[in-house]
Every structure is written in structure tokens, then in C-alpha cells.
């Protein structure tokens, strides 16, 4: 498999590693959106979060939690982002969590800026979606 994140996880591609565990690794993004933009990935290749084992998932988000405080200290605010699949904007088909330090002048915006307009959904459609998602 020719996955850049797998190559980073195995050490084939050098990177600025912030921390790592048996199952995950956190490192500086090679193409940062802001200073301190960090990625946290599982070491094993998975294209979506739901394809990870519970152990890998817990480890990944425990690593996110550990690194988040340090990233957040850079500017006082951090955007957490996961693109879970190609249609969600995932450019590399390997699970990765973005930790992007935010500041008032960074040209970013809220999540609603990613979409052209607000979606209008009827009450019946909302109820149908709710029933499909309810656990």
C-alpha cells in the first residue's frame, strides 16, 4: 500500500513526532494551516473511524486528548477536525485527526463556512433521520 501516513507510522518518512503510543502517533502537519497544526493518526491503516478496533479508537482519542492541551496553549483555541471518508473531504484515506490552533486573524471560520447555505429540512424528514440515528 502506498499510504503516506503508513510510511510515517513505520518511520519510512521522517516527521516531527510530538508523541506516540503503541497504536497512534501525533506529529506536525507537513502542510500546516496555522503554526502548530498537528495530526494524530492510528499506526494501523484504516480509512474510517468505524473500521478501527475499540482499542485503537480509544488510544487515538486518548492521544488527541493528551496533545490537545499543548496545541491549545499556542493560541488558546483549537479546531478539531476529522474527515471520515472521501466525500467528507478526506484527502488521504487513512484516519487522521487535525488539531489546528485558531486565532482571530487566521482567515478560518466556523464549520458552517464550509457549506454554501443552511439546509432546510421538514419536521418529518428530521424525525426520519432521528429514528435512523437514535441508538
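Residue numbers (our numbering): 6 to 140.
Don't be surprised by glycine CBs; every beta carbon is placed ideally from N, CA and C.
- Secondary structure of residue 29 (DSSP, three-state): strand.
- Considering only 31, 37, 98, the residue with the shortest C-alpha distance to residue 66 is 31.
- Taking C-alpha positions only, residue 104 is separated from residue 122 by approximately 26 Å.
- With contact defined as three or more Cβ pairs closer than 8 Å, the stretch 51-60 and the stretch 80-95 are in contact.
- Counting the other CB atoms within 10 Å of its CB gives residue 42 a total of 16 or more, which places it among the buried residues.
- Ranking 25, 115, 119 by CA distance to the CA of residue 94 puts 119 first.
- Counted as a single uninterrupted DSSP element, the beta strand (DSSP E) harbouring residue 46 occupies residues 43-47.
- In this structure residue 108 is in contact with residue 80, their Cβ atoms being roughly 5 Å apart against a cut-off of 8 Å.
- Between residue 33 and residue 24, the C-beta spacing is not below 8 Å.
- For the stretch 39-89, the full-length beta strand (DSSP E) segments reaching 3 residues or more read 43-47, 83-87 along the chain.
- The Cβ neighbour count for residue 68, taken over all protein chains shown within 10 Å, is at least 16; the residue is labelled buried.
- Rounded to the nearest whole angstrom, the CA to CA distance from residue 85 to residue 114 is 13 Å.
- Boundaries of the alpha helix (DSSP H) harbouring residue 138: 128-138, taken from the DSSP string.
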